[in-house]
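Note that the working numbering numbers the sequence shown so that position 23 is 36, with each residue one more than the last.
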Amino acid sequence: MLCKEFSAHVRKYLWGGHFWSGSYFAGSVGGAPLTVLKQYIEQQKRPV
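Structural data, given as structure tokens:
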């Protein structure tokens, strides 16, 4: 929706058409045990 409405302004803030970079993530785990979090991270796809 933002891209449609403000495409000229928003374009300079995009990485490959997205508002975020595939190399960075910040989030909450909601109290999940560290073992579960570690397993989740290890199963993520890595950039080629």
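All C-beta atoms, glycine included, are put in the ideal place defined by N, C-alpha and C.
Taking the straight line between their C-alpha atoms, what separation do you get for residue i and residue j?
{"i": "Gln52", "j": "Ala39", "result": "17 Å"}
{"i": "Pro46", "j": "Arg59", "result": "23 Å"}
{"i": "Tyr26", "j": "Phe19", "result": "11 Å"}
{"i": "Leu50", "j": "Tyr37", "result": "16 Å"}
{"i": "His22", "j": "Cys16", "result": "9 Å"}
{"i": "Gly43", "j": "Gln57", "result": "19 Å"}
{"i": "Gly30", "j": "Thr48", "result": "34 Å"}
- prompt: If you scan the segment 15 to 57 from start to end, which runs of the alpha helix (DSSP H) of 4 or more residues do you find wholly inside it?
  reply: 15 to 23 and 47 to 55
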